[in-house]
Amino acid sequence: MISETLAKARAYEQAKDTGIPKASRPGFHLSPRCGWMNDPNGFSEYQGQYHLFYQYHPYTNQWGPMHWGHAVSRDLLHWEHLPAALAPDAPFDNFGCFSGSAITLQDGRQLLMYTGVRREEKADGSCEDFQTQCIAIGDGSNYDKPDCNPVIDVKDIPADFSRYDFRDPKIFREPDGSYACVVGNRTNDGSGAVLLYRSEDGVSWRFGGILERCNNEYGKMWECPDFFPLDGKAVLIVSPQEMHADGLEFHNGNCTLCLIGSYDRAGSRFLRDSAQAVDYGLDFYAPQTLLSADGRRIMIGWMQNWDVYLCPPDAQWYGQMSIPRELSIRDGRLIQMPVRELEAVRSGKVVHENVLLTGEMSLEGVSGRMVDMTVTVTPEDTAPYQMFCMKVAADSRHDTAISYCPATSTLRLSRVRSGINKDVVHERECCVRNRGGEIKLRVILDRYSVEVFVNDGEQVLSAVIYTPQTAGDVRFESCGKACLRVEKYDIVL
Ligand code: FRU
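Under the numbering used here, the first residue of the sequence shown is numbered 737, with each subsequent residue one higher.
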């Protein structure tokens, strides 16, 4: 039996299906079936398909009482929308089914673990919200919320840790088969922390330990933690709120932070070696990973930023996911590359080699808005170029510019001219490895986004753009002589 609230959401989204033309959405980045989308949830493989749920408010293009939208895919690029999976319809989640994760139980059923937000109205008319961790169990389409909810309650939070900011459980299996989950939290001094809980069956949970806390070093509340082994290390990814910029490494506001270290399983503690940003662009938050059947750690993020709401007023959908990225560690740093499945949907290869660039030029066959393009730039002679710039989604009035300055080894992404009508942050810069003036950029364009993978995944910069689709030119510019190699494919789904 599904609740009235869920039935209403399902009927609403089904009625919207025909009204949103495919060409008005991203081609291979998941967007909501209708309405608003934020964080990826329950990113998992189940019964031979990838499942991706998401924070969802079907009724408007703004955040509202959170449901879980649901989509499936076999290649992480072609997504099929399924009916909404969860709605805020129980006493323990009456104000929203916030972010969470999914896992397959030993008996083959799919377990969703999420934050139920319970709003209590007080006698004086004011409200108080409580965040607790809840479960729903199902068959890949329909999910029941058992009576034992919430499974991690306010009483399971240690003293000195927030009872109000306690959310986004990410569940995983320990090598001995038991279950564990990490939950985002903040200590009473306001700073970010991650709590770890343990369970034998995924249903009954106990406090395990304080996995990590930042003592105000990396922002305030840590949202959406994910914790996993990678290339012999333990990786903890969190999305801190109220972050302060630190040079070009972190930016203000909602950020994504990757901590690399080791895991003291017996002590339920993470031992941190290093910290870095996950994405250096404008739009990336709340990522979540899965381990694929073929052993890849794949991450997807919400390609949006809480502080920048760029929704066209009449938009039928708002919010999209990043391209899924394969993760690895090289020289102690997180490396991210687009999933290899992208290669199977590429066609119309165009290659230009040894192009001498001085001033501005465009190249035969290099254009489009659904594109996978790798550009390698090298200095042409003994006098290195001072600046290289490529402009994508361009016409006479618009472009999104990616520029590299070898002297400082900084890369800048700017959507100032992308057709935006708001005066908010539209540019970001990051330091990249100095390779004597050489740089390799893999640029993935979908209709409403630009993602730049630098030097085989050492940095990534993501941004959404709302440039008219007719702006499909690509232009190259340099100050000084540079040599270009361009390999470009159209993405055809
Ligand atoms: C992160 C977040 C989560 C929360 C969800 C609510 O973007 O704030 O912490 O669960 O969004 O939609």
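Glycine included, each C-beta is placed from N, C-alpha and C at the ideal position.
Just so you know, these numbers come straight off a predicted model, no measurement behind them.
In the DSSP output, which residue or residues are listed as bridge partners for residue i?
{"i": "residue 976", "result": "958"}
{"i": "residue 1113", "result": "1175, 1220"}
{"i": "residue 865", "result": "855"}
{"i": "residue 971", "result": "964, 996"}
{"i": "residue 1127", "result": "1137, 1211"}
{"i": "residue 681", "result": "Beyond the ends of the chain as shown, which are 737 and 1229, falls residue 681; an answer cannot be given."}
{"i": "residue 1027", "result": "1033"}
{"i": "residue 1074", "result": "1061"}
Just confirm the distance between the C-beta atoms of residue i and residue j, as a whole number of angstroms; I'd bet it's less than 8 Å.
{"i": "residue 795", "j": "residue 771", "result": "6 Å"}
{"i": "residue 836", "j": "residue 904", "result": "6 Å"}
{"i": "residue 756", "j": "residue 1052", "result": "5 Å"}
{"i": "residue 1116", "j": "residue 1218", "result": "6 Å"}
{"i": "residue 930", "j": "residue 976", "result": "The pair is not a contact, with the Cβ atoms about 11 Å apart (cut-off 8 Å)."}
{"i": "residue 702", "j": "residue 928", "result": "In the structure as shown, the chain starts at 737 and stops at 1229, and residue 702 therefore has no counterpart that could be examined."}
{"i": "residue 1025", "j": "residue 1134", "result": "At roughly 34 Å, the Cβ-Cβ gap does not stay under 8 Å, so residue 1025 and residue 1134 are not in contact."}
When you compare each of the options to residue i by their alpha carbons, which one comes out closest?
{"i": "residue 911", "options": "903, 1002, 949", "result": "1002"}
{"i": "residue 876", "options": "864, 968, 841, 773", "result": "841"}
{"i": "residue 1179", "options": "1170, 1070, 1041, 1193", "result": "1193"}
{"i": "residue 885", "options": "859, 952, 878, 851", "result": "851"}
{"i": "residue 1131", "options": "899, 1205, 965, 870", "result": "1205"}
{"i": "residue 1032", "options": "1069, 1018, 1077, 1202", "result": "1077"}
{"i": "residue 1044", "options": "1107, 1160, 1062", "result": "1160"}
{"i": "residue 868", "options": "985, 899, 862", "result": "899"}
{"i": "residue 1094", "options": "1126, 1046, 981", "result": "1126"}
{"i": "residue 1151", "options": "1197, 1106, 797", "result": "1197"}
{"i": "residue 1035", "options": "947, 778, 761", "result": "778"}
{"i": "residue 742", "options": "808, 829, 784, 774", "result": "829"}
{"i": "residue 1041", "options": "748, 773, 738", "result": "773"}
{"i": "residue 906", "options": "895, 1110, 972", "result": "972"}
{"i": "residue 784", "options": "799, 802, 809", "result": "809"}
Please classify residue i: is it buried, with 16 or more other beta-carbons within 10 angstroms of its beta-carbon, or exposed?
{"i": "residue 1166", "result": "buried"}
{"i": "residue 1066", "result": "exposed"}
{"i": "residue 917", "result": "buried"}
{"i": "residue 1007", "result": "exposed"}
{"i": "residue 1299", "result": "No answer is possible for residue 1299: it lies beyond the span of the chain, which begins at 737 and ends at 1229."}
{"i": "residue 959", "result": "buried"}
{"i": "residue 843", "result": "exposed"}
{"i": "residue 1080", "result": "exposed"}
{"i": "residue 987", "result": "buried"}
{"i": "residue 992", "result": "buried"}
{"i": "residue 1098", "result": "exposed"}
{"i": "residue 803", "result": "buried"}
Report yes if the CB atom of residue i is closer than 8 Å to the CB atom of residue j, and no otherwise.
{"i": "residue 902", "j": "residue 919", "result": "yes"}
{"i": "residue 1086", "j": "residue 1224", "result": "yes"}
{"i": "residue 1220", "j": "residue 1190", "result": "no"}
{"i": "residue 805", "j": "residue 786", "result": "no"}
{"i": "residue 923", "j": "residue 897", "result": "yes"}
{"i": "residue 745", "j": "residue 820", "result": "yes"}
{"i": "residue 1014", "j": "residue 940", "result": "no"}
{"i": "residue 1103", "j": "residue 1209", "result": "yes"}
{"i": "residue 1083", "j": "residue 892", "result": "no"}
{"i": "residue 762", "j": "residue 1184", "result": "yes"}
{"i": "residue 1174", "j": "residue 1222", "result": "no"}
Let me check you understand the geometry: is the CB of residue i closer than 7 Å to at least one non-hydrogen atom of the ligand GDP?
{"i": "residue 904", "result": "Absent from the structure shown: the ligand GDP. Ligands present: the ligand FRU."}
Any beta carbon of chain C sitting closer than 8 Å to that of residue i?
{"i": "residue 821", "result": "This model lacks chain C altogether, as it is built from one protein chain only."}
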